[in-house]
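Peer 1: Here you go, one structure.
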DNA sequence: GAAGTCACG
DNA sequence: GACGTACGTGACTTCG
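In the numbering used here, the protein residues as written are 70 to 987.
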């Protein structure tokens with residue numbers, strides 16, 4: 070049978086307030102009444118499991134003080150003192166508490182909570198339901214009847230008709246008359262002077278009801294009582310109306326909507342954590358099945374309040390830090406962020422740590438503020454070693470999920486300070502896996518997109534230019550506002566992204582490809598790679614000499630000095646001053662002088678510019694190598710480690726590839742002999758060697774699998790040279806020329822072919838190019854179908870998908886501008902192939918460490934990734950043992966999630982330097 | 001900060 | 001009839 074519990078929230082708050090000490094929460098807000106109220110709801114939640122427990126429940130609150138009773142009697146409740154100052158802010162929190170329990174909360178303008186309760190009670194009883202009113206309000210006792218009782222959670226007792234009889238001497242049905250005679254000094258119900266509960270019940274029992282009493286008054290024995298009853302008859306009648314519960318309004322919410330559907334844990338947990346109600350949190354943890362996996366989808370997201378920077382706490386004593394850590398451990402998750410002295414994680418020093426537990430419940434723990442100015446006053450903060458030891462227990466606690474935005478950075482910084490971070494979620498990866506191609510994934514951009522919030526700009530905190538200060542020099546108040554906001558915002562991202570992962574089918578790529586990679590990349594960045602600074606310096610000098618000589622010759626040929634490095638000046642010199650024909654101007658009106666143009670001129674025996682073009686090309690190559698590699702790389706050596714530590718971005722490339730910056734170690738020269746020398750400057754430590762392992766033709770293999778091309782699949786299975794095979798199929802013979810053309814066509818297919826593009830590359834007409842493409846499609850059936858299918862899918866869904874479920878979005882696929890649309894189509898053809906390749910090598914990287922450990926090779930260190938290549942450093946003696954392990958991990962990286970119909974070929978080389986390892 | 005150029009897969 | 005021509009990156013130089 071349905072059983073409706075109606076909770077008299079308003080009545081409860083006042084009782085709880087007076088019964089409990091003036092408790093405050095972690096923010097210093099008074100929460101005594103809220104705590105009492107919360108424990109009351111907790112008790113009710115326990116009732117849920119009982120046989121006659123609630124099936125329906127609602128909390129009823131007073132909305133406003135002005136009701137119809139004030140219209141009847143202007144003094145009604147007029148004498149009530151205003152609620153105590155420290156109770157007022159708790160009223161809205163009561164609503165939060167109710168929401169935390171996922172209970173409906175009902176309040177209606179112009180009606181007191183008692184009236185609404187009466188309405189619901191009557192309606193439920195009429196349907197044959199059981200009703201329990203959670204209150205000890207005497208007015209509500211009028212409602213007691215068979216099927217309706219009251220429950221006082223403070224005394225843990227049920228109240229029925231016999232309780233009313235005992236306390237007021239009458240049954241519930243006559244209670245209104247008694248209350249009218251008694252009056253109520255608190256509510257200012259007048260009643261009749263001199264009549265209290267005893268007299269009232271006696272009179273009602275003698276005369277039946279109020280009207281009976283008033284009618285009998287003149288015949289009573291003379292005295293004060295008789296006179297008062299006669300004189301105050303109207304007041305008594307008014308009182309009768311005032312105490313009557315009014316239930317003639319429609320129900321604000323239908324009864325059926327009050328059905329209990331369980332109490333989701335997440336919002337409750339968040340609420341308890343927000344206020345720091347530790348004992349209840351502990352109880353919750355005791356009954357929780359999985360403390361880390363949280364159904365955050367039930368968290369009310371729309372209702373996150375705006376960031377309250379002044380509400381963040383600066384944690385400067387151990388007790389406060391303990392408190393935050395305890396709550397984080399109880400809650401089971403915490404958003405974290407680190408503040409440091411710089412952007413390079415392998416050099417930056419830790420300055421502070423921020424944490425967030427709930428929107429607006431965030432703190433900053435300064436660790437090294439005070440700046441470098443030894444005369445400046447150092448603010449009070451927890452001893453760094455002590456604080457880090459405490460934080461270590463939290464960050465390494467396997468039952469507490471750490472949430473970060475680009476956690477790789479924090480992992481490196483914290484790792485250098487001796488702290489691991491696990492388990493973790495990374496909101497930058499979540500955003501990338503959900504929305505790659507739609508927008509960037511930096512905190513500021515995401516905050517604007519998802520939270521309509523503009524984060525405090527870092528430069529507004531530390532300044533710019535020569536006035537820029539280190540974060541350690543920032544005052545704690547400002548630092549807290551900035552740092553805690555980052556953790557707060559990160560937590561808000563997580564609450565939004567986490568439920569989207571399964572809903573949008575990207576959990577697999579997040580959990581199986583990207584997330585496991587974070588600690589792996591962090592470790593690679595920390596390792597860095599040794600470079601031979603002397604060798605680079607020597608190359609720089611050589612290049613400078615050669616450039617100087619070329620510069621003189623170029624100026625002589627040009628008939629005067631100019632800046633060779635300026636495309637504008639060079640274009641004018643070549644095409645205006647020297648009168649070379651065939652100059653093409655770009656949209657900015659500058660002649661193109663790129664490598665294609667210069668090669669064209671240099672190849673033309675009759676051109677007056679062929680010598681200068683050749684020399685400029687040589688000069689450019691040297692200039693590029695010197696400035697980008699030999700000079701820059703020397704400057705990038707970390708003095709502490711003597712090695713170069715790149716930074717990999719996991720969210721930089723739309724297709725899921727990594728990218729490398731500061732320095733970019735994914736574009737170290739290899740294609741020319743001059744450039745190759747730079748690879749020789751990347752070396753192994755004494756007694757070690759470098760091992761380079763790369764996937765051979767991985768993208769073509771994946772194309773063969775994904776487009777299901779039997780001829781290509783078979784060729785890979787046999788181990789044939791794929792470009793020769795293509796040459797044979799397309800041109801009927803294999804020689805250097807046809808193989809080269811075939812290679813170009815193979816790549817063109819992967820990149821989304823156009824007849825003009827291919828024509829330009831092969832130096833043939835568009836018609837001839839088209840004929841080759843047609844023949845390719847004919848010889849390799851499946852390719853054309855793959856292209857058509859991919860474009861169709863991306864037009865329909867707006868995104869492509871890799872074999873592992875990685876999405877890349879192409880909003881421009883619906884552009885009205887043709888070339889944007891076509892560009893998106895070409896990118897969409899390439900993305901599943903390039904992306905799947907990226908997924909596979911990422912999986913290999915994540916599995917590599919454990920596989921090497923298992924093979925007893927803990928000294929093999931993975932240093933670099935270059936899209937289809939992994940570079941390791943290992944003791945010379947480990948090479949033979951490591952080789953098969955590395956090969957196996959790479960070759961089987963797709964499995965078992967994806968079983969490919971082509972083998973993945975791996976080529977491995979070793980050497981003292983990266984150059985010789987190839 | 002944009003544009004041009006060029007290093008890599 | 002104009003447009004622009006292969007996918008994905010990052011770093012450096014010049015110049016306004």
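For glycine and all other residues, C-beta sits at the position ideal for the given N, C-alpha and C.
(1) Any heavy atom of the ligand NAP closer than 8 angstroms to the CB of residue 877?
(2) Helix, strand or coil, according to DSSP, for residue 384 in the structure here?
(3) Could you tell me the alpha carbon to alpha carbon distance between residue 432 and residue 747, rounded to whole angstroms?
(4) Are the CB atoms of residue 949 and residue 758 nearer to each other than 9 angstroms?
(5) Please name the residue, chosen from 669, 674, 608, 682, that lies closest to residue 639 on a Cα-to-Cα basis.
(6) So which of 733, 272, 546 has the shortest CA-CA distance to residue 378?
(7) Count the other CB atoms within 10 Å of the CB of residue 382; is the residue buried (16 or more) or exposed (fewer)?
(8) Which of the three DSSP states is assigned to residue 959 in this structure?
(9) Using DSSP bridges, identify the partner residues of residue 402.
(10) Using CA coordinates, which residue listed in 434, 504, 459, 462 is at the minimum distance from residue 450?
(11) Looking only at its own chain, which residues have a Cβ that is under 6 angstroms from the Cβ of residue 596, when we skip the five neighbours before and after it?
(12) Within the continuous alpha helix (DSSP H) that includes residue 246, where are the two ends?
(13) Any contact between the stretch 814-824 and the stretch 894-903? By contact I mean 3 or more CB pairs, one from each, below 8 angstroms.
(14) Between 655, 394, 983, which lies nearest to residue 598 when the distance is taken from Cα to Cα?
(15) May I have the straight-line CA-CA distance separating residue 162 from residue 138, to the nearest angstrom?
(16) Give me the Cα-Cα distance between residue 503 and residue 875, rounded to the nearest whole angstrom.
(17) Looking at C-beta atoms only, is the number of pairs between the stretch 850-864 and the stretch 540-560 that lie closer than 8 angstroms three or more?
(18) Grab me the residues of residue 230's own chain with a C-beta within less than 6 angstroms of its C-beta, minus the 5 sequence neighbours each way, in chain order.
(19) Among all the DSSP beta bridges, which residues are the ones paired with residue 751?
(20) Please report the distance separating the alpha-carbon of residue 196 from that of residue 316.
(21) Using the beta-carbon count (16 or more within 10 Å), is residue 299 buried or exposed?
(22) Helix or strand or just coil, what does DSSP make of residue 713?
(23) Contact between the stretch 676-693 and the stretch 622-630: three or more CB pairs below 8 angstroms?
(24) The beta strand (DSSP E) with residue 543 in it runs from where to where?
(25) Determine the DSSP secondary structure at residue 524, reduced to helix, strand or coil.
(26) Rounded C-beta distance between residue 725 and residue 871? I'm assuming under 8 angstroms.
(27) Across the stretch 484-501 and the stretch 573-586, are there enough close Cβ pairs to call them in contact, namely three or more that are closer than 8 angstroms?
(28) Per DSSP, residue 1014 is paired with what?
(29) Secondary structure at residue 424, three-state DSSP: helix, strand or coil?
(30) Our contact map puts residue 350 next to residue 427 with C-beta atoms below 8 angstroms; I'd like the distance itself, whole angstroms only.
(31) Rounded to whole angstroms, what is the Cα-Cα separation between residue 71 and residue 114?
(32) Once you ignore the five residues that flank residue 920 on each side, which residues in its own chain have a CB closer than 6 angstroms to its CB?
(33) Which first and last residues belong to the beta strand (DSSP E) in which residue 459 is found?
(34) Smallest Cα separation from residue 1019: which of 124, 204, 200, 157?
(35) Using a 10 Å radius around the Cβ and a threshold of 16 neighbouring Cβ atoms, would you call residue 538 buried or exposed?
(36) With C-beta atoms as the reference, is residue 245 less than 9 angstroms away from residue 266?
Peer 2: Reading from the atomic positions:
(1) Ligands are entirely absent from the displayed structure, and the ligand NAP is therefore not among its contents.
(2) DSSP places residue 384 outside both helix and strand once states are collapsed to three, so it counts as coil.
(3) Taking the straight line joining both Cα atoms gives about 47 angstroms.
(4) No, they are not a contact pair.
(5) Residue 639 has its Cα closest to that of 682, out of 669, 674, 608, 682.
(6) Ranking 733, 272, 546 by CA distance to the CA of residue 378 puts 546 first.
(7) With 16 or more other Cβ atoms within 10 Å, it is buried.
(8) DSSP places residue 959 in helix when its eight states are reduced to three.
(9) Paired residue(s): 470.
(10) Answer by Cα proximity: 434.
(11) Cβ neighbours of residue 596 beyond the five flanking positions: 930, 932.
(12) First-last of the alpha helix (DSSP H) with residue 246: 241-251.
(13) At 8 angstroms Cβ cutoff, the stretches touch.
(14) In this structure, 983 is the residue among 655, 394, 983 with its C-alpha nearest to the C-alpha of residue 598.
(15) Using only the alpha carbons, I get a separation of about 27 angstroms.
(16) If I take the Cα positions, the gap works out to 9 angstroms.
(17) Too few Cβ pairs lie closer than 8 angstroms, so no.
(18) Answer for residue 230: 213, 240, 241, listed in chain order.
(19) Per DSSP, 600.
(20) Rounded to whole angstroms, residue 196 to residue 316 spans 16 angstroms at the Cα level.
(21) The residue is exposed, with fewer than 16 neighbouring Cβ atoms inside 10 Å.
(22) Correct three-state label for residue 713: strand.
(23) A contact exists between the stretch 676-693 and the stretch 622-630.
(24) Careful: residue 543 lies outside any beta strand (DSSP E) and carries neither H nor E.
(25) If DSSP states are grouped into helix, strand and coil, residue 524 belongs with coil.
(26) The pair is a contact, with the Cβ atoms about 7 angstroms apart (cut-off 8 angstroms).
(27) The stretch 484-501 is in contact with the stretch 573-586.
(28) Nothing can be reported for residue 1014, as the shown portion of the chain is limited to 70 through 987.
(29) In the three-state DSSP reduction, residue 424 falls in the strand class (E or B).
(30) So it is not a contact: roughly 12 angstroms between Cβ atoms.
(31) One Cα belongs to residue 71, the other to residue 114, and the distance between them is close to 16 angstroms.
(32) Closer than 6 angstroms at the Cβ level, and outside the excluded window around residue 920, lie 954, 958.
(33) Judged by DSSP secondary structure, residue 459 falls outside any beta strand (DSSP E) and instead within the alpha helix (DSSP H) spanning 453-464.
(34) Because residue 1019 is not part of the residues shown, which for the chain are 70 to 987, the question remains open.
(35) By the neighbour-count criterion, in which a residue is buried when 16 or more other Cβ atoms sit within 10 angstroms of its Cβ, residue 538 is exposed.
(36) Cβ distance not < 9 angstroms, so residue 245 and residue 266 don't count as in contact.
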